[in-house]
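Asker: Residue numbers (my numbering): 14 to 120.
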């Protein structure tokens, strides 16, 4: 299926599946943070996890995009990849500004 979207063929999709589990773990942490945020409190652990996760992804994507790793991909996939750089940068900035520097009391 991924090849039909223009991604290079893989021998094994083990890493894609591992990434899925990592995303699930992040969602669990974000769920706990959301519950506290709805109660007017901040959980700093999930905020820092989000900063490290999204900031790291942004740097990783930016590096591979800038060295031309995606140059053989289709235009729509390149758009999505560069959009992911932009989105992860904005998420990281938002988590810092509104999470770390936020005004709500800590949980």
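Don't be surprised by glycine CBs; every beta carbon is placed ideally from N, CA and C.
Bridge partners for residue 55 per DSSP, in chain order?
Answerer: 119
Asker: So, with DSSP's three-state summary, where would you put residue 79?
Answerer: helix
Asker: How is residue 124 classed by DSSP in three states: helix, strand or coil?
Answerer: Nothing can be reported for residue 124: it is not among the residues displayed for the chain, which extend from 14 to 120.
Asker: Please work out which residues of its chain come closer than 6 Å, Cβ to Cβ, to residue 91, disregarding the five sequence neighbours upstream and downstream, and give them in chain order.
Answerer: 83
Asker: Give me, in chain order, the residues of the same chain whose beta-carbon lies closer than 8 Å to that of residue 108; leave out the 5 immediate sequence neighbours on both sides.
Answerer: 60, 63, 64 and 67
Asker: Where does the unbroken alpha helix (DSSP H) through residue 113 begin, and where does it stop?
Answerer: From DSSP, residue 113 is part of no alpha helix (DSSP H); its letter is neither H nor E.
Asker: Assuming residue 101 contacts residue 74 under a Cβ cut-off of 8 Å, what Cβ separation, rounded to an integer in Å, is found between them?
Answerer: Approximately 7 Å separates the beta-carbon atoms of residue 101 and residue 74; this is inside 8 Å, confirming the contact.
Asker: Going by alpha carbons, who is nearest to residue 72 out of 30, 98 and 115?
Answerer: That would be 98, whose Cα lies nearest to the Cα of residue 72.
Asker: State the start and end residues of the unbroken alpha helix (DSSP H) segment that holds residue 107.
Answerer: Per DSSP, the unbroken alpha helix (DSSP H) holding residue 107 starts and ends at 88–107.
Asker: Pop quiz: residue 87 and residue 19 are said to be a contact at Cβ under 8 Å. What is the actual Cβ separation, rounded to whole angstroms?
Answerer: Cβ atoms of residue 87 and residue 19 come within 8 Å of each other, at about 4 Å.
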